[in-house]
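Read through the structure below, which is laid out as structure tokens, and then see the notes.
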Amino acid sequence: MKVTLAALNASYTHTSLACAYLKSFCQDPRWCIDIMEFTINDHYRSILSRLFAAQSDIYGFSCYIWNVEMVKKLCNDLKLARPDCFIVLGGPEVSYDADELLQENPRIDAVICGEGELVLQELLEAKYNGQALEEIPGLAVRYGKAVHITPARPPLKDLDQIPSPLPFMEIHRGLVYYETSRGCPFRCAYCLSACDSGVRYFSLERVKKDLLFLMQNQAKVVKFVDRSFNCHEKRARQIMDFILANNISTRFHMEINAELLSDEMLDYLSRVPKGVFDFEIGIQSTYPPTLKAINRYHNWDHLRDRIQHLQKMGNIHLHVDLIAGLPHETYEEFGNSFNQVFYLQADVIQLGFLKMLKGSPLRDQAEEYHYVYQQQAPYEVLGNHVISFAELDRLHYLEDMLERYYNSHHFPRTINYLTRRVYDGQAFKFFEDLASAWQQGQYYLLQHSREREYVFLLQFIQQHWAGEFNLLQELLKLDYLSSFPTGHLPEEFARFNPDNNNDYLYRRIKDEEFIAAHFPQLTQLSHRERRRRMHLEWLKLDIITNTYISNPRPTFLVYNALRNKLETIVQTEPDL
């Protein structure tokens, strides 16, 4: 008997943890299990062709909001091409309405509801032996035009029963998903984890063995899918200790609850090497009525304090989340939440939009809050009792500006000055104005290079803040040269380089005393190599105080050996 487990991932760099778990748990000499991984961006006909060519007896698909529509289409066509195959679905997107899904999709044979390892194992056993499936707990199965749903199966108590999935994952693709626990201690109303019954843990021995395998094989990024990695702080620290003692080059991304961080844990984290840990912190909102409605009860002052401590350390990459469209949060209140979160100065601010996930408590409360939402995945909210579609649409444009101008890290000096000084702390208003200009100019219809994004921001400043233009142009020039080590600037920028700029730079390159004083990393390099890594721009900007000056100063930028990253900026007095 041949079995194919198919994963339609969101990106090529992702690997399917679910399929690897199922294969590791269900292996048996009586059948052969293959994993086939695709992305939702792959050519549809090519995916269908490869699935058909596998000539499997059983096909299993892992379903999520990003792939379920494509999966249903594939199942329909695959069954038409191979009427004798058996098709089973599983995953969070199909576990909560299996009856309806099977009624609407007559070419799908069964749906696994909930945790899949034991259910799939028993299904394969029954199919191999020619037995009926109606006695398998946790399964919805088609019998002619009828659908039979068996009682729910309790979750596995001992997770170590599941063999490691890692041998069946392509860990060198870029991003490896891994979990040390299942379940969540919290009950956020918008989340499927609200249905979980507590937290179950893999043993530390098992976790350490898996992590050692990943580190020794130099997986690039490991993303823990634990809902709240630090809910058991002692255990979290033991895992981190093990990582720090054995890591070679792997980066670890984990979702944490920052409010749970003790002073001792913060002290510990302050000493970890830079670049090992990335923390994702789901803030979602700072508006108390909203937090109460979604069963989140964090103390904003305490949470802000914990995040600010992490941010000041500078050794951990911080990613914070906001969700637009939550109950009671008007457009204006969301703006307040945005401003409070923005000034935490996290590395990434993700502005997400509420999805009415199947199985989430909030979906059951949709009528109470007058929710209107997409009827197909991803079920994004289109409006509710306090926020309109037009307002959410404005936030979509704002989110685009946030990604381009903040999360990209290509405009740090300019955005910092605009939001803090020009907009007097009203970051939401700045991004709102920027998004409005982008929309009015219909820039969203065009493909934009990074260079054009700089020009757009320059023109926005000129049109809206002419009194600040001179200083902001200089900040924007420095941001551009810091991000793009070409020495080139778009023609829209005014430049103040003297005619003998190249001669001036060469003279400095050959001045060993100057190089030793300002760029010691270049002392052993030839003049030619120094020239390759240096750029000289004359700026009407004091780079220490970020103030405008009338007479331009020579500003030296030194890039790394690959000339793709800024290493040093030094500004001196002119010496012509």
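Residue numbers 1022 to 1597, in my numbering, belong to the letters of the sequence shown in order. Ideal placement from N, C-alpha and C gives every residue a C-beta, glycine not left out. Note that this is a predicted model, so its numbers are computed, not measured.
query: Can you tell me whether DSSP reads H1323 as helix, strand or coil?; result: helix
query: Taking the C-alpha atoms as reference points, what is the distance between L1562 and L1510?; result: 16 Å
query: Between the C-alpha atoms of I1170 and V1162, what's the straight-line distance to the nearest angstrom?; result: 6 Å
query: Which residue from V1197, V1220 and A1387 puts its Cα closest to that of R1208?; result: V1220
query: Report the three-state DSSP secondary structure of W1087 (helix, strand or coil).; result: coil
query: Between which two residues does the alpha helix (DSSP H) carrying D1063 extend?; result: First-last for D1063: undefined, no H or E at that position.
query: Given a cut-off of 9 Å on the beta-carbon distance, is the pair K1100 and R1128 in contact?; result: yes
query: Identify, in the order they occur along the chain, each residue of the same chain with its Cβ nearer than 7 Å to the Cβ of Q1332, setting aside the five sequence neighbours on each side.; result: L1339, L1365, Q1366 and A1367
query: Determine the direct distance from the alpha carbon of N1150 to that of I1344, and round the result to whole angstroms.; result: 49 Å
query: For the beta strand (DSSP E) containing M1275, list its first residue and its last residue.; result: R1272 to I1277
query: Taking Cβ to Cβ, would you say M1286 is nearer than 9 Å to D1247?; result: no
query: Measuring CB to CB, does E1472 end up less than 9 Å from I1482?; result: no
query: Restricting to Cα atoms, I'd like to know which of R1103, L1043, I1086 and N1405 is closest to L1072.; result: R1103
query: Would DSSP call M1377 helix, strand or coil?; result: coil
query: With a threshold of 8 Å, are at least 3 pairs of Cβ atoms found where one atom belongs to the stretch 1173 to 1188 and the other to the stretch 1218 to 1238?; result: yes
query: Can you find the residues in the same chain that come closer than 6 Å, C-beta to C-beta, to F1298, ignoring five residues on each side of it along the sequence?; result: F1273 and I1337
query: Going along the chain, which residues of its own chain have a beta-carbon closer than 8 Å to the beta-carbon of I1408, five neighbours each way excluded?; result: A1345, G1346, E1350, T1351, Y1352 and F1355
query: Using a Cβ-Cβ cutoff of less than 7 Å, which residues in the same chain neighbour N1267 once the five nearest sequence positions on both sides are dropped?; result: L1233 and M1236
query: Where do the ends of the beta strand (DSSP E) carrying W1559 lie?; result: M1555 to D1563
query: Is the stretch 1120 to 1138 close to the stretch 1084 to 1098, with three or more CB pairs under 8 Å?; result: yes
query: How many angstroms separate the CA atom of N1030 from the CA atom of E1533?; result: 54 Å
query: Suppose you measure from the CA of S1291 to the CA of M1334; what does that come to, to the nearest Å?; result: 6 Å
query: For L1225, which of L1213, A1240, S1214 and K1255 has the nearest alpha-carbon?; result: K1255
query: Which of helix, strand or coil does DSSP assign to T1351?; result: coil
query: Take M1057 and list the residues in its own chain whose beta-carbon comes closer than 6 Å to its own, dropping the five residues that flank it on each side.; result: T1025 and A1027
query: If you reduce the DSSP assignment to three classes, tell me which class F1250 lands in.; result: coil
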